[in-house]
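Trainee:
Numbering (the UniProt record's numbering), first residue to last: 1 to 396.
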C-alpha cells in the first residue's frame, strides 16, 4: 500500500532527465516570501573603527559618540521618541541648544559626544532599534536607572520582570542613602550643639557616651563597646539554645533547679543587666525621647528584655502565694506558667540586636520594609497550607 495516495503510477514510461519540468505534475510550486533583512542595521549602526572617517548624510542620519563608541542611525529612528534626549537633539539649531543636550560637538564632522556609560547605552540602543528595553546582567540596576533618566527614556517601557528588579534595587539604595543622610545630619547637629571642646562636666560625659554607643568608629572605646555588645548577644543565644535541652526542660517542669540551672540563670542575669544598662543609657542620651520610643530596634530591645523581669516578678509572687493558691488557684498558676513560657520564648529577639552592627541585617530590614506587602500574603498562605503539607498521611 503506497504511503502517498497518488504514488501508484507507472514510472516505467518516464526517463531520467535534467529538465525539471517533468516534476511539476508531482510538486506544486511554493512561492518564496521576501524576508526583511537588515532592519536592525538600518535603524542603528555601530561604527567599529573609532578613527575612521565616515561619509554620512547629516540631513538623514546622525553621528554620535558615547564613551568612545561611535554610532550612526537615521533621524527617523527617533520619530517614536521625540521627548528623549536624542529626539530633542534633532530640533537643535544653535550651538547653545546643542550644548545643553550633549557634552561636546564637532562642527566639522557634525558628531555629538556624550560622556556616558557605553555599556548602559547598549540597553538604550537596543530599545531605539528593536523596541525592547531590558536589564543586562553585567549592568548595575541603579546605574541603568540613572542612564534612563539622562537619555529621557521612561522606565515604564521596560519589560515587567526587569523593571521590578531595577526598581527594587533603586528603592533599596535610596532608603539606605536616606538613612545615611539622616544619620549624618543628626551627627552634625549633635556635634554643633554638644562639642567636646565647649561642653564640660555632665554634658561632656553624655556626649562621650553617645559617641561610644552610637558610633563604633569613634575610637577604641566605641569598638570595645560594640564588640562587648555582640559577645553578650551571642552568649544569650547560646544559653537560650542550652536551656531547651531535655534534662533542663524536665527540671523546669518538675519545679527543680540544679547547679547547671543556677549557672544558666546567672549568665542570663548578667546579659540582661548589660542589655538593660545599654537600653537605659541610650534612652538617656537620645535627643528625642519620642523618636527613641518609636525606633524599631528599641522596641525589639524592650520586648526582649521585659520577659526576664516579668518572669522574675512572677516567680517571687508564686513562692509567696503558693500556700494560698494551692487548692483553688492551680488553674491560674498553669495559665500563668504558660504565659511565662511564651514570654521567655521572646528572648530569641536578642538576635535582632545584631542589626545595630550588621550591614546584612540592616539590608534585610530595608528589603522587608520595601516588600512587606508581598511578604505577609505569602506568610498567610504558608500558614493556611500548613496542615495539608506537613500532616503525614495515615497508614493504610
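Where is the CB? At the ideal position from N, CA and C, for every residue including glycine.
Within its chain, find whatever has a CB closer than 6 Å to the CB of residue 180; leave out the 5 residues flanking it on each side and keep chain order.
Mentor: Stepping through the chain shown from its first residue, residue 180 is reached at position 180. Answer for residue 180: no residue qualifies.
Trainee: Closer than 8 Å is the cut-off here; do at least three beta carbon pairs connect the stretch 117–131 with the stretch 151–162?
Mentor: yes
Trainee: So, does the stretch 135–150 touch the stretch 99–113, judging by three or more C-beta pairs under 8 Å?
Mentor: no
Trainee: What are the start and end residues of the beta strand (DSSP E) that includes residue 74?
Mentor: Counting from 1 along the chain shown, the entry for residue 74 is found at position 74. Run containing residue 74: 69–74, per the beta strand (DSSP E) assignment.
Trainee: Go ahead and label residue 407 buried or exposed: buried means 16 or more other beta carbons lie within 10 angstroms of its beta carbon, across all protein chains shown.
Mentor: Any question about residue 407 goes unanswered here, given that the chain covers just 1 to 396.
Trainee: Could you name the residues of the same chain whose beta carbon sits closer than 6 Å to that of residue 301, not counting the 5 residues immediately before and after it, in chain order?
Mentor: Here residue 301 refers to the residue found at position 301 when the chain shown is read from its first residue. So the qualifying residues of the chain are 279.
Trainee: Tell me the DSSP secondary structure of residue 313 in three-state form.
Mentor: Here residue 313 is taken as the residue at index 313 of the chain shown, counted from 1. Helix at residue 313.
Trainee: Does the stretch 139–146 come into contact with the stretch 77–87, if we say contact requires no fewer than three beta-carbon pairs (one atom in each stretch) closer than 8 Å?
Mentor: no
Trainee: Is residue 309 buried or exposed, if buried means 16 or more other CB atoms sit within 10 Å of its CB?
Mentor: Counted from its first residue, the chain shown places residue 309 at position 309. With fewer than 16 other Cβ atoms within 10 Å, it is exposed.
Trainee: When the Cα of residue 148 is compared with those of 268, 266, 123 and 131, which residue comes out closest?
Mentor: Working through the chain shown from its first residue, we reach residue 148 at position 148. Nearest option by C-alpha distance: 123.
Trainee: For residue 342, which three-state DSSP category applies?
Mentor: Sequence index remark: in the chain shown, residue 342 carries index 342 (1-based). Note: residue 342 maps to helix in three-state DSSP.
Trainee: Any idea what DSSP makes of residue 181, helix, strand or coil?
Mentor: Within the chain shown, residue 181 is the residue found at index 181, counting from 1. Helix at residue 181.
Trainee: In this structure, how does DSSP classify residue 146 when only helix, strand and coil are distinguished?
Mentor: The residue labelled residue 146 in the question sits at position 146 within the chain shown. When DSSP states are grouped into helix, strand and coil, residue 146 belongs to the helix group.
Trainee: Leaving out five residues before and five after residue 248 in sequence, what residues of the same chain have Cβ atoms less than 8 Å from its Cβ?
Mentor: As a first step, residue 248 must be located in the chain shown, where it is residue number 248. Once the five neighbours on either side are set aside, the close Cβ partners of residue 248 are 242, 260, 261 and 264.
Trainee: What does residue 61 pair with, by DSSP beta-bridge criteria?
Mentor: Taking the chain shown and counting its residues from 1, the one referred to as residue 61 is at position 61. DSSP, once it has assigned bridges, lists 74 as partnering residue 61.
Trainee: Between which two residues does the alpha helix (DSSP H) carrying residue 96 extend?
Mentor: As a position in the chain shown, residue 96 is number 96, starting the count at 1. Run containing residue 96: 95–101, per the alpha helix (DSSP H) assignment.
Trainee: Kindly list the residues whose CB is nearer than 7 Å to the CB of residue 169, restricted to its own chain and excluding five residues on each side of it in sequence; keep chain order.
Mentor: Reading the chain shown from its first residue, position 169 is the one you call residue 169. Excluding sequence neighbours, residue 169 sits near 141 and 142.
Trainee: Using a threshold of 8 Å, state whether the C-beta atoms of residue 267 and residue 239 are closer than that.
Mentor: Against the chain shown, residue 267 aligns to sequence position 267. Against the chain shown, residue 239 aligns to sequence position 239. Yes, they are a contact pair.
Trainee: Taking the alpha carbon of residue 304 as the point to measure from, which residue in 96, 345 and 286 has its own alpha carbon closest?
Mentor: Counting from one through the chain shown, the residue named residue 304 turns up at place 304. Residue 345 is the option with its Cα nearest to residue 304.
Trainee: Enumerate, from N- to C-terminal direction, the unbroken beta strand (DSSP E) stretches of 3 or more residues contained entirely within the stretch 227–281.
Mentor: none
Trainee: Between which two residues does the alpha helix (DSSP H) holding residue 292 run?
Mentor: Indexing the chain shown from 1 puts residue 292 at position 292. Where residue 292 is concerned, the enclosing alpha helix (DSSP H) stretches over 289–294.
Trainee: Under 8 Å between the Cβ atoms of residue 282 and residue 307?
Mentor: Taking the first residue of the chain shown as position 1, residue 282 is located at position 282. Taking the first residue of the chain shown as position 1, residue 307 is located at position 307. No, the Cβ-Cβ distance between residue 282 and residue 307 is not below 8 Å.
Trainee: In the structure shown, what three-state DSSP assignment does residue 66 receive?
Mentor: Counted from its first residue, the chain shown places residue 66 at position 66. Strand.
Trainee: What would DSSP say about residue 453, mapped onto helix, strand or coil?
Mentor: The structure shown does not extend to residue 453, since the chain is modelled only from 1 through 396, so no value can be given for it.
Trainee: What span of residues does the beta strand (DSSP E) with residue 91 cover, start to end?
Mentor: As a first step, residue 91 must be located in the chain shown, where it is residue number 91. That residue, residue 91, is in no beta strand (DSSP E); it is neither H nor E in DSSP.
Trainee: Among 236, 217, 210 and 161, which has the Cα closest to the Cα of residue 274?
Mentor: Position 274 of the chain shown, counted from the start, is the residue given in the question as residue 274. The option with the nearest alpha carbon to residue 274 is 236.
Trainee: How would you call residue 62, buried or exposed, if buried means at least 16 neighbouring beta carbons within 10 angstroms?
Mentor: Along the chain shown, one-based indexing puts residue 62 at 62. It is buried - the Cβ of residue 62 has at least 16 other Cβ atoms within 10 Å.
Trainee: Give the straight-line distance between the Cα atoms of residue 75 and residue 89, rounded to the nearest whole angstrom.
Mentor: By 1-based counting over the chain shown, the position of residue 75 is 75. By 1-based counting over the chain shown, the position of residue 89 is 89. Their backbone Cα atoms lie some 10 Å apart in a straight line.
Trainee: Mind checking residue 78: buried by the 16 CB within 10 Å criterion, or exposed?
Mentor: Here residue 78 corresponds to residue number 78 of the chain shown, with the count starting at 1. Its Cβ being crowded by 16 or more others within 10 Å, residue 78 is buried.
Trainee: Look at the alpha carbon of residue 182 and the alpha carbon of residue 69, and state the distance between them as a whole number of angstroms.
Mentor: In the chain shown, counting from the first residue as 1, residue 182 sits at position 182. In the chain shown, counting from the first residue as 1, residue 69 sits at position 69. Roughly 40 Å between the two C-alpha positions.
Trainee: Quick check on residue 81: does DSSP put it in helix, strand or coil?
Mentor: Position 81 of the chain shown, counted from the start, is the residue given in the question as residue 81. Of the three classes helix, strand and coil, the one that applies to residue 81 here is coil, per DSSP.
Trainee: Return yes when the Cβ of residue 150 is within less than 8 Å of the Cβ of residue 116, no when it is not.
Mentor: What you label residue 116 is simply residue 116 of the chain shown in a count that begins at 1. What you label residue 150 is simply residue 150 of the chain shown in a count that begins at 1. Yes. Within cutoff.
Trainee: I need the DSSP call for residue 154, collapsed to helix, strand or coil.
Mentor: Counting from 1 along the chain shown, the entry for residue 154 is found at position 154. Looking at residue 154 - three-state DSSP - the assignment turns out to be coil, as it is neither helix nor strand.
Trainee: Look up residue 115 in the DSSP assignment and say whether it is helix, strand or coil.
Mentor: Position 115 of the chain shown holds residue 115. Here residue 115 sits in coil by DSSP.
Trainee: Just curious, the beta strand (DSSP E) that residue 105 is in, first and last residue?
Mentor: Counting from one through the chain shown, the residue named residue 105 turns up at place 105. Segment 104–106, the beta strand (DSSP E) holding residue 105.
Trainee: Output needed for residue 271: all residues of its chain with C-beta closer than 7 Å, excluding positions within five of it in sequence on either side, in chain order.
Mentor: By 1-based counting over the chain shown, the position of residue 271 is 271. Answer for residue 271: 232, 235 and 236, listed in chain order.
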